[in-house]
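According to the working numbering, the sequence shown is numbered sequentially starting from 91.
C-beta atoms are modelled at their ideal positions from N, C-alpha and C, and glycine is treated no differently.
Below is one structure, written out as structure tokens; the observations come after it.
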Amino acid sequence: MAYTMPRIKFVAGNWKMHGNLASNLALLTAVRSGAASLGGQVAVCVPYPYLAQAQALLAGSNVAWGAQDVSEHAQGAYTGEVSAAMLNDFGCRYAIVGHSERRSFYGDTDTVVAAKFMAALKAGLTPILCVGETLAEREAGITAEVVIRQMEAVMAVAGMAALGEAVVAYEPVWAIGTGKTATPAQAQEVHAMIRARVARDDAAVAEGLQILYGGSVKPSNARELFGQPDIDGGLIGGASLVADDFLGICAAG
Ligand code: PGA
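This is how it looks when you write it as structure tokens:
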């Protein structure tokens, strides 16, 4: 696909359930200063209790912050949940929705993911919508079917204009935290397929859509992955917990 404008690379860290006040201070301080000279967009998605810390340490920098999930409800009797408006109170710009760990361990169905996507958008947050197939699904030859189903579940509820406000992350489940990265060609194939599906409904949204790759991205493989025409950046788990690695990946964008 030929693009009329250079695509801005976006690198987001997904800390998952790691960190503490002391280690976060060191990591956020290093990321803030290291990212100062980088182009593109950088964000970190930290555990809920550390959002205030991220806000305090990153305000005024070129590193944005966000959460790893969000409730589909605006408010009410939902013990343990955190609303999009609460994330806004802490200056979040992003909320990850549909991460495979939420889908597989916490029962986030396509319907729930679509509702969370809408809750984030309505509050002015940018959802980072994760999609991706398991190893069994890839081996069964149904990667495209699964990823398209996950995309369409959100497209049907949100509509194309809303999708255009979001970021998509393709994260093959078999590559997350396993050290097994999709090859640049494997990732590009799915990214192009996602973009083509979106283009069927809205070519302009498809062209502008940022589609990140996630799954064992490291400084050593980032450049080749990010060099693919339909890969617009990365969603980084393990390597986002090591400042030099995360910054090395950001620099590859
Ligand atoms: P990983 O995780 O980089 O550790 O594979 C990516 C993710 O789950 O977002």
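| Item | Value |
| --- | --- |
| Residue 104 and residue 158 closer than 8 Å at C-beta | yes |
| Sequence-distant residues of its chain with Cβ nearer than 8 Å to residue 199 (five each side left out) | 193 |
| Contact test: residue 281 Cβ vs ligand 1 heavy atom, cutoff 7 Å | no |
| Buried or exposed by the 16-neighbour rule on C-beta atoms within 10 Å, applied to residue 265 | buried |
| CA-to-CA distance, residue 130 to residue 339, given in whole angstroms | 12 Å |
| Cβ-based burial, residue 185 [other Cβ within 10 Å; buried from 16] | buried |
| Residue of 256, 337, 242 and 132 minimising C-alpha distance to residue 209 | 256 |
| Proximity test, residue 339 beta-carbon vs ligand 1 heavy atom, cut-off 7 Å | no |
| Proximity below 8 Å, CB of residue 99 to CB of residue 328 | no |
| Contact set for residue 222: own chain, Cβ-Cβ below 7 Å, skip 5 residues either direction | 190, 237, 260, 261, 262 and 263 |
| Neighbourhood of residue 151 by C-beta, 8 Å cutoff - its chain only, sequence neighbours within 5 removed | 122, 125 and 126 |
| Near ligand 1: residue 219 beta-carbon under 7 Å from a heavy atom | no |
| Contact under 8 Å by Cβ, residue 244 with residue 219 | yes |
| Heavy atom of ligand 1 within 7 Å of residue 305 beta-carbon | yes |
| Closer than 7 Å: residue 326 CB and nearest ligand 1 heavy atom | yes |
| Cβ shell of residue 233 (< 7 Å), same chain only, five flanking positions each side left out | 223, 227 and 280 |
| Residue 96, buried or exposed, once every other Cβ within 10 Å from all chains shown has been counted against 16 | Unreliable positioning characterises residue 96 in this predicted model, as indicated by a pLDDT of 49, which lies under 50. The coordinate reading is nonetheless provided below. Result: exposed. |
| Span separating the alpha-carbon of residue 166 from that of residue 214 | 20 Å |
| Residue 311 CB to nearest heavy atom of ligand 1 below 7 Å | no |
| Residue 225, buried or exposed, once every other Cβ within 10 Å from all chains shown has been counted against 16 | exposed |
| Top-ranked residue by Cα proximity to residue 283, from 269, 268, 319 and 310 | 319 |
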